[in-house]
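Quick note on this note's numbering: the sequence shown kicks off at 63 and runs consecutively.
Notes follow once the structure below has been shown.
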Amino acid sequence: MAYQWILFDLDDTLFDFPAAEALNAALAHYSVTLTAEMLGDYQALNKALWEQYNAGLLDAETLKQARFRDLAPQLGVSPLELNHTFLQAILQRSQPLPGVEQTLRQLHGKVGMGIITNGFADIQHARLNQSGLADCFDFMLVSEELGVNKPDPRIFEAALARMVSVEPADVLMVGDNPQTDVAGAAGVGMETCWFNLRRESQFVTSHHAIERFHELLMLPRVQPLFAS
Numbered sequence: 063m064a065y066q067w068i069l070f071d072l073d074d075t076l077f078d079f080p081a082a083e084a085l086n087a088a089l090a091h092y093s094v095t096l097t098a099e100m101l102g103d104y105q106a107l108n109k110a111l112w113e114q115y116n117a118g119l120l121d122a123e124t125l126k127q128a129r130f131r132d133l134a135p136q137l138g139v140s141p142l143e144l145n146h147t148f149l150q151a152i153l154q155r156s157q158p159l160p161g162v163e164q165t166l167r168q169l170h171g172k173v174g175m176g177i178i179t180n181g182f183a184d185i186q187h188a189r190l191n192q193s194g195l196a197d198c199f200d201f202m203l204v205s206e207e208l209g210v211n212k213p214d215p216r217i218f219e220a221a222l223a224r225m226v227s228v229e230p231a232d233v234l235m236v237g238d239n240p241q242t243d244v245a246g247a248a249g250v251g252m253e254t255c256w257f258n259l260r261r262e263s264q265f266v267t268s269h270h271a272i273e274r275f276h277e278l279l280m281l282p283r284v285q286p287l288f289a290s
């Protein structure tokens with residue numbers, strides 16, 4: 063039986079997240095050149111903060127400020143101002159990943175589709191709207207708006223509440239993160255597809271795994287959606 067719904071992560075699943083390029087542009091706005099050391103320090107701090115955020119140990123506002131606590135003073139601006147400049151640079155550069163637009167257009171109208179993202183609300187809505195793909199989705203749940211993050215089961219339960227008379231096993235969650243996307247969705251009984259964008263060798267417990275987005279159309283419970 064075909065899936066009734068397919069849910070997607072957003073960052074590094076539907077859209078790229080050109081962080082290094084955007085950070086370089088953000089610093090250039092203040093006439094500062096991004097060095098390898100600055101980038102490395104930012105990436106290490108940002109990664110640690112996102113892990114805490116995904117675990118529910120800090121809120122979005124704290125993350126926005128804390129990740130630029132070291133860089134912002136060097137520019138003479140506040141962490142929140144630098145965060146805003148950085149996110150605007152992301153918005154200007156972010157694009158759907160290869161195969162995403164074509165695949166979503168083929169699925170549109172044949173299955174319910176939604177997005178669950180741990181990103182920040184304003185930038186995620188803006189990126190989706192500028193892509194021209196917003197009409198493909200019935201809803202988008204953003205952790206900042208709900209107050210809970212993937213892999214917390216409550217955000218997946220909130221998604222299930224948006225669907226009418228559907229069992230979790232008839233929903234497929236597609237995402238690049240083995241913990242927040244795959245394990246989180248599996249925890250509420252959804253089927254899962256790990257989008258192994260970077261072709262990593264790690265073992266991930268998932269119903270399916272794909273390396274190219276268009277391979278989603280070949281999954282056994284997706285193919286029946288196109289039966290005449």
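No residue lacks a Cβ here, since even glycine has one placed at the ideal position from N, Cα and C.
Asked	Found
Same chain, Cβ closer than 8 Å to THR165, neighbours up to 5 away in sequence not counted	PHE275, HIS276, LEU278, LEU279
contact_flag[the segment 192–212, the segment 174–181] where n(CB pairs < 8 Å) is 3 or more	yes
Start-to-end residues for the alpha helix (DSSP H) that takes in GLY161	No alpha helix (DSSP H) holds GLY161; DSSP gives it neither H nor E.
Distance CB(PHE288)-CB(ILE272) smaller than 7 Å	no
Under the three-state DSSP convention, the category GLY181 falls into	coil
DSSP-derived helix/strand/coil call for GLY176	strand
Of the listed residues GLY138, GLY118, LEU259, PHE148, nearest to GLY209 (C-alpha basis)	GLY118
Beta bridge counterpart(s) of THR254 as assigned by DSSP	MET235
Where ALA110 sits in the DSSP three-state scheme	helix
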